[in-house]
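In our numbering, the protein residues as written are 30 to 963. Every residue, glycine too, gets a C-beta built ideally from N, C-alpha and C. Note that the coordinates shown come from a computational prediction; the quantities given were computed from them, not determined experimentally.
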Amino acid sequence: MDDRTRGVDPADGPVAREKGTIVGRKAELERLFRMVNVVNGASATERVLVLRGDAGMGKSALLDSAMRWARVSGVRVLRAEGSESEASLAFSGLHQLLRPVAAAVDGLPERQRTALAGALGTGPAAEGAPDLMLIGVALLSLLSESADPQPLMLVIDDAQWIDRASLDALAFAVKRLEAEPVTLLIGVRTGDPLPALDRHWPTLTLAPLDAAAAGRLLDHQPQSPTGRVRDQVIEQAAGNPLALVELARAAATSPGNSPTGPLPLTGELERIFATRLAELPAPSVQLLLLLAAMDTADSAALAAVGLPGAEDTAWRPALQAGLVRSTGGAAHFAHPLMRSAVYHAASPDARRAAHLALADLLGDAPDRRAWHRAAAAPGPDAGVAAALEQTADRARRRGGHAAAAQALQRAADLASDRTESARLLVEAATAALFTGDITWVDELATTARERTDDATLLANAAVHSGRLAALTTGHAVVFSRLTRAARQWTATDPDAALDLLAGAAVVRFYSGEDTQRKEIDRVLAQLPQDEPSAWLRAWVGAVSDPADGRAELVALLPQLLADAEGTPERLTTLAIMAWLLDETSLAVSAFDTAFDGWRAHGPLPQGLGGAAAWAYVEYGRWEQAREACAQITASASALGLDHAVACATAVDACVLAFQGEAARARSRAAEALALIDPLESRSVAVYVRRALGAAAGAEGAYETAYDQLRLAFTAEGDPVHYHASWPALAELAAAAVRSGHRDEASSIVERAARRLGDGASPRRSALVSRARALLAAPEDAEPHFRAALADPALERRPFEYAQTLLDHAEWLRRRRRITEARPLLTTALETFQRLGARPWVERAQAESRAAGLDVAASTTPDALAELSPQQRQIIGLAARGLTNREIGERLFLSPRTVGSHLYRSFPKLGITARSQLRDLVEGTPLVATAGRQE
30 MDDRTRGVDP
40 ADGPVAREKG
50 TIVGRKAELE
60 RLFRMVNVVN
70 GASATERVLV
80 LRGDAGMGKS
90 ALLDSAMRWA
100 RVSGVRVLRA
110 EGSESEASLA
120 FSGLHQLLRP
130 VAAAVDGLPE
140 RQRTALAGAL
150 GTGPAAEGAP
160 DLMLIGVALL
170 SLLSESADPQ
180 PLMLVIDDAQ
190 WIDRASLDAL
200 AFAVKRLEAE
210 PVTLLIGVRT
220 GDPLPALDRH
230 WPTLTLAPLD
240 AAAAGRLLDH
250 QPQSPTGRVR
260 DQVIEQAAGN
270 PLALVELARA
280 AATSPGNSPT
290 GPLPLTGELE
300 RIFATRLAEL
310 PAPSVQLLLL
320 LAAMDTADSA
330 ALAAVGLPGA
340 EDTAWRPALQ
350 AGLVRSTGGA
360 AHFAHPLMRS
370 AVYHAASPDA
380 RRAAHLALAD
390 LLGDAPDRRA
400 WHRAAAAPGP
410 DAGVAAALEQ
420 TADRARRRGG
430 HAAAAQALQR
440 AADLASDRTE
450 SARLLVEAAT
460 AALFTGDITW
470 VDELATTARE
480 RTDDATLLAN
490 AAVHSGRLAA
500 LTTGHAVVFS
510 RLTRAARQWT
520 ATDPDAALDL
530 LAGAAVVRFY
540 SGEDTQRKEI
550 DRVLAQLPQD
560 EPSAWLRAWV
570 GAVSDPADGR
580 AELVALLPQL
590 LADAEGTPER
600 LTTLAIMAWL
610 LDETSLAVSA
620 FDTAFDGWRA
630 HGPLPQGLGG
640 AAAWAYVEYG
650 RWEQAREACA
660 QITASASALG
670 LDHAVACATA
680 VDACVLAFQG
690 EAARARSRAA
700 EALALIDPLE
710 SRSVAVYVRR
720 ALGAAAGAEG
730 AYETAYDQLR
740 LAFTAEGDPV
750 HYHASWPALA
760 ELAAAAVRSG
770 HRDEASSIVE
780 RAARRLGDGA
790 SPRRSALVSR
800 ARALLAAPED
810 AEPHFRAALA
820 DPALERRPFE
830 YAQTLLDHAE
840 WLRRRRRITE
850 ARPLLTTALE
860 TFQRLGARPW
870 VERAQAESRA
880 AGLDVAASTT
890 PDALAELSPQ
900 QRQIIGLAAR
910 GLTNREIGER
920 LFLSPRTVGS
930 HLYRSFPKLG
940 ITARSQLRDL
950 VEGTPLVATA
960 GRQE
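Printed below as a string of structure tokens:
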């Protein structure tokens, strides 16, 4: 170890700090120091580490040591420290973290620059609701730029007090850092959840020091206790390093304040810190109270209110007492417990006076000013409540939904009457809805109900709770709750009842439980059939059972879609309805229009949001489907909405399987299954079985494929899910023919055919016909093939169409009708190539050769097939002329990651320049042409 690293040696630490020495943490220091090597090229899977521990266990000391080691190793460090009061200020944590690189924001692309500047409050907020995904992409780009030429380490201390909006953006960006030398260290107290952060990120939990380490730490103190007092200190501290240091100090300087128990450890420490205040001069105590009331780690914010720098003599007594320390020229509490001790040692009147003094000094910071006024309010205060409501509005426009809900909740406490308080609580529930915290939403709604009899407010509270509950995983419980609430409001507020029933219909789709359809029908029958709600009634019916009354629902669709023009949210809802009714073209058109007009890609995924991805899959726009999956996953995972993540992951797994990425498809399918209970969420369970069946089929493991697809149907042969199981019918038949399960599969297909009825969609009829054709005796198959291909609309579902063409062509060739087979093979092969369905390309090529067709020798499609699906996405967008930044914005990747994928892809494609991509991608596809004769 060279001279640069002396004093930060992980082998035997001591790492000196103002308040002591780190001992007994050799393994922890080694783990943290290894994180520096991650940014210099080690495994990207280890680029995040969450450091957990109780107050005083040494998290900050260890993080400081890691930062010093990083700096002497040539790594750039950005740091933010959470504080309780700033947890309610949207993006305050991100603002603090990014201050050293704030100038680089100006170099971002315009849309990203505007989004991030608006979030940080350094530029105007975007019109309408903020695009939180774009804020995340902007942060991703900024971190990527900041990691060049130096590696970058991000350190977040006291993350339990970092505002939710900052954590959401940070989690989004860090999960997408692939090629960048960036790592993240997070310090958080044990027991405090970090809902925005990935629960699977590596965690290092600080255990109490053992007796030997505790003794060594006491030996490092200026006046180490001895004898009975030493034993008392060790026993009372229970291995907590801060407690050991401070209890030893108290025993040495004030023997009467030695630990007496049985106070909780934090209470005992706060008592010791408070005792020191009595020894300080009044000006120092007043400064400490202002610092405690300000409660920020942001030196610029401290300077803004006129608090003197740490070099001012007024701080000297507090510095000598170990209550504050100097950091960056500003005075900060040496530990959050010291801040708590100072604050609570003051009288209520003194605390209020401190907050009012700070409010007067914060005229240019209206949000901070409003919160200080709220802290000083002894009771209801309409003026302060109004100021907090304005703070909430500003937070919401910047994307800080958690901060908005907190401000509204506090405003409700200060409202002048109970009805106004209830209104603010319902508004708070609306904002909290976008945090994914259903417990919080329920708490706000319940409190609102306790404060008012206003029917409209009560109904709104019920609807808000129901919207979020519908996206959770406990479907049986949630369904009962939603239908019970809907019945309650059928007479007094039918609109609210219908909204709640719409949520119940979403749950019914997720669960696939047939008894739930009957309950929805019963409640729906009790509601008036008025014109304004006709579209939502139709939607509830389609989601609950798309086969019941399908013809009438399809007839309504064009007018409903026309009426929804200009309202993207309703248009999205109706697009879902079109997809459920197997009107895929209408669905895709509506989704496209809705997404073009919907700038608020808010963080709450729509119920059945995976429908858009499925519609794009069926329509042959697979890369767009994967983009939709990525967006749903990004927003839902930040909110802890596991079911929404599972839906998107299952769709992604299917696309990967269709493209021949069997291993990756199985991995994604396993991720989806891990997030749900298959008995509760039959829809996702069936999608996963389709993915696993397709993955096995791609590898020629048809027995395994059959076993997986068989699970999409009950033991009796009925569909496990009333909608999701139907596409698996033809896939089951194809696997059965190749695995010796023809009889069982035929029984399932015929059972399904009997369920179709007269109102079946042409698509379902085509799927049954294809399955029958595959399972029929050779001499009986042709009518079924012709029926499967009879509907021209099938061509708008190119993968299913090409599969049927290939099956029919194979049958024709085996019947020696090769001339008829050839055009079918040519069309099927071209379609599979365009989709990137590699297993099907190979099968169609083999069949084409057997039919006497020559397959052109171009290696381009094969080369593209060697790329990963993500690389193919990037190549396709680059070929269309998009820059790395524009591609990154579309796919939620950093520009550097995009560049890395392109760099690795060019040799596989046999090209050396970006200019060659367009010709390569748009060149002549691998086609079959007539060769030798029969």
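Could you please give me the residues that DSSP links to residue i through a beta bridge?
i, result
"residue 82", "218"
"residue 355", "360"
"residue 110", "186"
"residue 748", "742"
"residue 212", "182"
"residue 77", "213"
Which stretch, first to last residue, makes up the beta strand (DSSP E) that contains residue i?
i, result
"residue 644", "No beta strand (DSSP E) holds residue 644; the alpha helix (DSSP H) holding it covers 639-648."
"residue 526", "Where residue 526 is concerned, there is no enclosing beta strand (DSSP E), although the alpha helix (DSSP H) it sits in stretches over 523-540."
"residue 232", "232-234"
My output table needs one value for residue i: the three-state DSSP class, helix, strand or coil.
i, result
"residue 587", "helix"
"residue 753", "coil"
"residue 903", "helix"
"residue 945", "helix"
"residue 911", "coil"
"residue 742", "strand"
"residue 718", "helix"
"residue 206", "coil"
"residue 104", "coil"
"residue 288", "Residue placement at residue 288 is poorly supported in this model, since its pLDDT is 45, which falls under 50; the coordinates still yield a value, given next. Residue 288: coil per DSSP, three-state reduction."
"residue 959", "Model confidence at residue 959 stands at a pLDDT of 40, short of 50, so the residue's coordinates are unreliable and nothing is read from them."
"residue 191", "coil"
"residue 712", "helix"
"residue 729", "coil"
"residue 579", "helix"
"residue 478", "helix"
"residue 765", "helix"
"residue 408", "coil"
"residue 465", "coil"
If you follow the alpha helix (DSSP H) that residue i is part of, which residue opens it and which one closes it?
i, result
"residue 931", "924-938"
"residue 389", "377-390"
"residue 443", "430-443"
"residue 348", "345-349"
"residue 678", "671-687"
"residue 509", "504-518"
"residue 610", "Per DSSP, residue 610 belongs to no alpha helix (DSSP H) and is neither H nor E."
"residue 770", "Taken as a continuous stretch (DSSP letters only), residue 770 belongs to no alpha helix (DSSP H), as it is neither H nor E."
"residue 562", "Run containing residue 562: none; DSSP gives neither H nor E here."
"residue 451", "447-461"
"residue 594", "Taken as a continuous stretch (DSSP letters only), residue 594 belongs to no alpha helix (DSSP H), as it is neither H nor E."
"residue 814", "811-817"
"residue 492", "484-498"
"residue 662", "651-668"
"residue 793", "791-804"
Give the C-beta separation of residue i and residue j to the nearest angstrom, bearing in mind that I take them to be a contact with Cβ-Cβ under 8 Å.
i, j, result
"residue 481", "residue 451", "4 Å"
"residue 529", "residue 515", "4 Å"
"residue 465", "residue 668", "3 Å"
"residue 719", "residue 760", "7 Å"
"residue 657", "residue 673", "That belief does not hold up - the Cβ atoms of residue 657 and residue 673 are roughly 12 Å apart, past 8 Å."
"residue 778", "residue 766", "Between residue 766 and residue 778 the Cβ distance is about 12 Å, and since that is not below 8 Å, they are no contact."
"residue 339", "residue 360", "4 Å"
"residue 181", "residue 210", "7 Å"
Is the Cβ of residue i closer than 8 Å to any Cβ of chain C?
i, result
"residue 584", "You won't find chain C in this structure, because it holds only one protein chain."
| request: At 4 residues or longer, and completely inside the segment 824-884: list those alpha helix (DSSP H) runs for me, N to C. | output: 827-843, 847-864 and 867-879
| message | I'd like the ranges of any alpha helix (DSSP H) spanning at least 4 consecutive residues and lying wholly in the segment 132-163. | response | 139-149
| query | Can you list, in chain order, the stretches of the alpha helix (DSSP H) that have 4 or more residues and sit fully within the segment 237-273? | reply | 240-248 and 256-266
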